[in-house]
Structure formats: structure tokens, C-alpha cells
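*Asks:* Please see the structure below; I have some questions.
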Amino acid sequence: MTTLTVQYFAILREQRGLAQEKLSTAATTPAALYEELRARHGFTLPADRVRAAVNDEFVSATATLRDGDRVVFIPPVAGG
Amino acid sequence: MTTLTVQYFAILREQRGLAQEKLSTAATTPAALYEELRARHGFTLPADRVRAAVNDEFVSATATLRDGDRVVFIPPVAGG
Amino acid sequence: MPFRLSPNPIDSGALQRSLADVRAGACVTFEGWVRNRNEGQPVFALDYEAYSLLAEKEGARIIAEACEKFSVNSAECIHRTGHLALGELAVWVGVTAEHRGAAFDACRYIIDEAKARVPIWKKEHYASGATAWINCATRGDHAGEKRT
Amino acid sequence: MPFRLSPNPIDSGALQRSLADVRAGACVTFEGWVRNRNEGQPVFALDYEAYSLLAEKEGARIIAEACEKFSVNSAECIHRTGHLALGELAVWVGVTAEHRGAAFDACRYIIDEAKARVPIWKKEHYASGATAWINCATRGDHAGEKRT
Chain A
34 MTTLTVQYFA ILREQRGLAQ EKLSTAATTP AALYEELRAR HGFTLPADRV
84 RAAVNDEFVS ATATLRDGDR VVFIPPVAGG
Chain B
34 MTTLTVQYFA ILREQRGLAQ EKLSTAATTP AALYEELRAR HGFTLPADRV
84 RAAVNDEFVS ATATLRDGDR VVFIPPVAGG
Chain C
733 MPFRLSPNPI DSGALQRSLA DVRAGACVTF EGWVRNRNEG QPVFALDYEA
783 YSLLAEKEGA RIIAEACEKF SVNSAECIHR TGHLALGELA VWVGVTAEHR
833 GAAFDACRYI IDEAKARVPI WKKEHYASGA TAWINCATRG DHAGEKRT
Chain D
733 MPFRLSPNPI DSGALQRSLA DVRAGACVTF EGWVRNRNEG QPVFALDYEA
783 YSLLAEKEGA RIIAEACEKF SVNSAECIHR TGHLALGELA VWVGVTAEHR
833 GAAFDACRYI IDEAKARVPI WKKEHYASGA TAWINCATRG DHAGEKRT
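Chains as they are written, first to last, in the working numbering: chain A, 34 to 113; chain B, 34 to 113; chain C, 733 to 880; chain D, 733 to 880.
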């Protein structure tokens, strides 16, 4: 199990009902973690429309998560 | 012979030494008139780099000049 | 900083004056304004939410790419966050260059890439009272992909 | 008037504010500034001379063409005449549109066509004291075709 901080923005923040949480998980990749959280919280965005960032850098969905990482799932952006 | 008003701008105004003149000419087209004036005043621009306007509209170099027309020879433009 | 987020209204006049440069012959600016309708629906207001740390990094990368690809003298981008009313300035991009081609190309590159890559999200408030996170609709929602 | 000549300094901030429009999502502006060098020669100041009647007609035609080719809400162009110092604003183009692609394309179309077609001439004053009418050099002169 790794202990992570997950931050939520925009539609994910609203669907989760909070902006940040600490959690322990057996997931070792962003993809696995997103599926776990999506099942638990009913996120409407499918995994293929969400990017991941770890410690404020974009990472691939199959990157390895490490204890203490701060993970952000990034819904489709819409600046401007 | 037709009697015309010729207006000069920019390099042609400077080379002619005035901005406007009335003149009588045997030239019946802007092309012929420009060659006549060029020979008389030593304009440096060759005819193929000068456009013509008559009564404030662009015309072809072979348009017919009529008595009372106001003719402008337009050096290469350089706005902006 | 060439890319910034601002929770306060953007003073585009001051930004453009700050680009003044006698070595530049061209200045191109893009302003994104809050429009009163999107995809046919009357829009009442907007919220922009940003993942600030990554937005600023990715924005700075985009500006650096533009400066590498095109011969520009300077380039800046500022994006609003928070609640915006109709007509408000949401994003400003300003580019100076010796020649206009580079200024146009760089300005467009920056706004195109920023819209596609910078983690900022837009929530539209409709006259009907409904809201929607743009580009986040899923099957069953009525709102599709949007472009400004 | 969508195309104007101005013997006085151009207030670009006021011009841009005059384009405010809640139906527009994008505003692109181009500013042409007096640059301190051209083709490697130090420039000291400029004079712009216009054939006003035809310049205004041709400028209005260019704006009308841009509005026909691209989906724009409004488009304006103002060009200075007279004596300009370094850094001064020589020409301003502003375009609003629902979407940014049309605003960029129309703004660029207007400045490209204006530079090629509107009867306005530029005389550069060099630090050396020499002057040249741009684009009017003939064999034997040192100055060639110029672009901003």
C-alpha cells in the first residue's frame, strides 16, 4: 500500500465534494488509481479523457506511484 | 490636346517639386503621359513600377484620358 | 513572468504598453472575451479554475516554444481565474517582433496551445440557471466539445 | 468609418474599448510601430504621406473583403500620416469575432492588403541624415524592398 495525496479540480472536485485528500491504495499507477476512485465516487469522466500529474508534472497513466506522491487527475482543459 | 490636372505624391512630388499642376498634353493614356512627364522631370521610377488613378479610382495604364481628368501616378506603396 | 494567472481583472492597456520596444515593428495581441452565448445557449457568467502550479509551468513552456519557433522580441500571456461577467477579458496574449509574420504566428501558437494544454477549466453559467464544465460533458449531457 | 487616416497620435486603448461586444469571444489587434532600424540601417524618424481620397476608398474595400471572407463581428484600421518618432504607432488594426480563427485571419488579411494596396508612402530618416522613400529605390540606390 502507498500513501498518496490526491488533489481535485473542476468537475472532479465537485463530484468528489472536496479539493484534496490523503489516502492509502494498492494502485501503483495513475490509471489504476483513477479507476479505483471513479468506482468509489462515481466520476462521470472516463479514464481516457483524464490526464495525470504527479508532483506538479504531467506523467503517463502507467507511471509508478510512490509513497508521498501528490497526484492530480486533469479533466479536459478549457482555457481562454 | 487634353487639359488635365496631375497630382504628385511622395517621391514624385519631391522630384517634380510641386504637389499639383494643370497641363495640356497630346498623351491619351496614363502610360503615355507618365513617359512624357518622366522625360521632362527626370522621375527615377520606371513606368512599370507606377500605377495610375483618374478621378480617385485606380485605372489601367492604357485607360483613355479625358479633358478635365485629375490624374495621379502612384509610386510603390509602403504603409504600415 | 511570461505566463501568469490573475484572480483580478486584467488591464490590457498597461500590459501592451509594457511591451513597448523600439526594436519591434509589430505587436499582435489576442484577447479572449466572455461571450453571451456558446453553442446557441445564452451564457450569463463564467468561472475559471486553474491548477496553478502546473498551469504556470506549462504556460511558460508554451511561451518558450513560441520564442524558439518564431523570431519574436517578447511574448506574454495572462489568464484570469475566478468569476467573470459577460464581456470581461478572460485571457490576453501579446507578442512583439521585428516583422509582423512572426508576431501573428507566435500569438496564435500561444493561444492555441494554451487552450489545449494549460490546466485551466471553464464552467459556464447559463441564463436558465444551469451550469456546465466545458469539454467535460459525457454521454447523456447536452453540451459537447467547445471552441472559442 | 472602418478605415481612417489620422494626422494625430492613435489612442489604441480607446479604439480597442470601442470594439467591446458581448457577442464576440475573440479580439485580435495588430500594431505597426516605428522601428529603430530597417535593413540594418539605424532609423531616426518616419514620414507617412497618403493620397487620402483613394487611400480611404481602398482601405474600406479591404475591410469589406475581410468581412466577406471571414466570420467577423467588426473590423477597423487606422493609419497615421505625418511625422512619427521611434516607437510611435503607425497603423492599428482591430478585429472582433465569435471565434479566434476568423479574428486572426481577418486581422492579418487587412494589414497584408493595406500594406500592398493602400496609397500611403513611407519616408525613412536615418541617423546619418539621409532619407529614403521605402520601396521606391531604383538601380543605383542602396535601399531595396522593405517589409515590416
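Glycine included, C-beta positions come from ideal geometry on N, C-alpha and C.
Determine the DSSP secondary structure at F836/C, reduced to helix, strand or coil.
*Replies:* Helix, per DSSP.
*Asks:* Take A752/C and list the residues in its own chain whose beta-carbon comes closer than 8 Å to its own, dropping the five residues that flank it on each side.
*Replies:* If we look at A752/C and ignore the five residues flanking it on each side, it has no Cβ neighbours.
*Asks:* Whole angstroms is fine: what's the gap from Q53/B's alpha carbon to R103/B's?
*Replies:* Between Q53/B and R103/B, the C-alpha separation is close to 10 Å.
*Asks:* Using the C-alpha atoms, what's the distance from A758/D back to V87/B?
*Replies:* C-alpha separation (whole angstroms): 40 Å.
*Asks:* W853/C versus chain A: which residues are under 7 Å apart at the beta carbon?
*Replies:* What W853/C touches in chain A: F42, A43, P108, V110 and A111.
*Asks:* Is the beta carbon of A822/D less than 7 Å from the beta carbon of R812/D?
*Replies:* Going by C-beta atoms, A822/D is nearer than 7 Å to R812/D.
*Asks:* If you follow the beta strand (DSSP E) that Y858/D is in, where does it begin and where does it stop?
*Replies:* That run of the beta strand (DSSP E) goes I852 to Y858.
*Asks:* Please tell me whether M34/A and A60/A are closer than 7 Å, where the distance is taken between their beta carbons.
*Replies:* Cβ atoms of M34/A and A60/A: not closer than 7 Å.
*Asks:* Starting from the beta carbon of D89/A, find every residue of chain C whose beta carbon is closer than 9 Å, and list them in chain order.
*Replies:* By Cβ distance, chain C contributes Y783, L785, L786 and K789.
*Asks:* Taking the alpha carbon of C839/C as the reference point, which residue from G819/C, R767/C, V804/C and L786/C has its own alpha carbon closest?
*Replies:* When each option's Cα is compared against that of C839/C, the closest is V804/C.
*Asks:* So which residues on chain D does N768/C lean against when the C-beta distance must stay under 7 Å?
*Replies:* In chain order: V754 and R755.
*Asks:* If we call anything under 7 Å between Cβ atoms a contact, is L778/C one with V760/C?
*Replies:* In this structure, V760/C does not lie closer than 7 Å to L778/C by Cβ.
*Asks:* Provide the residue(s) that pair with K789/C in DSSP beta bridges, ordered along the chain.
*Replies:* For K789/C, which the question treats as bridged, DSSP gives no partner whatsoever.
*Asks:* Can you confirm whether T761/D, when its beta carbon is compared against all beta carbons of chain C, has any partner nearer than 7 Å?
*Replies:* Yes, T761/D counts as interfacial toward chain C.
*Asks:* For D729/D, which of H831/C, R769/C and A864/C has the nearest alpha-carbon?
*Replies:* Here chain D comprises residues numbered 733 to 880, so residue 729/D is not present and cannot be evaluated.
*Asks:* Identify, in the order they occur along the chain, each residue of the same chain with its Cβ nearer than 7 Å to the Cβ of A43/B, setting aside the five sequence neighbours on each side.
*Replies:* P108.
*Asks:* Contact criterion: CB-CB distance below 7 Å. Does L737/D meet it with respect to chain C?
*Replies:* No, because no Cβ of chain C sits closer than 7 Å to the Cβ of L737/D.
*Asks:* Counting only beta-carbon separations shorter than 7 Å, does R730/C have a partner in chain D?
*Replies:* A query on residue 730/C cannot be resolved here, the shown segment of chain C reaching from 733 to 880 and no further.
*Asks:* Can you look up A59/A in the DSSP assignment and give me helix, strand or coil?
*Replies:* Coil at A59/A, not helix or strand.
*Asks:* For R815/C, would you say it is in contact with chain A, using Cβ-to-Cβ distances shorter than 7 Å as the test?
*Replies:* The question names Arg, but residue 815/C is His in the sequence shown. Taking Cβ atoms only, chain A never reaches closer than 7 Å to H815/C, which makes this a no.
*Asks:* Is the CB of T61/A under 7 Å away from at least one CB in chain C?
*Replies:* No - not a single Cβ of chain C is within 7 Å of the one on T61/A.
*Asks:* Does the Cβ of A782/C have 16 or more other Cβ atoms within 10 Å, making it buried, or fewer, making it exposed?
*Replies:* A782/C should be labelled buried.
*Asks:* Of all the CB atoms in chain E, is at least one closer than 7 Å to the CB of A86/A?
*Replies:* Among the chains of the structure shown, chain E does not appear; the protein chains present are A, B, C and D.
*Asks:* What residues from chain D crowd round G772/C, counting only those whose CB sits closer than 7 Å?
*Replies:* Neighbours of G772/C on chain D: none; closest Cβ ~12 Å, over 7 Å.
*Asks:* Leaving out the 5 sequence neighbours to the left and right, which residues in its chain are closer than 6 Å to Y841/C when beta-carbon positions are compared?
*Replies:* Same-chain partners within the cutoff: A798.
*Asks:* Quick check on T77/A - is its C-beta less than 7 Å from some C-beta in chain C?
*Replies:* Closer than 7 Å: yes.
*Asks:* Between H815/C, G861/C and A807/C, which lies nearest to Q773/C when the distance is taken from Cα to Cα?
*Replies:* Closest option to Q773/C, Cα to Cα, is G861/C.
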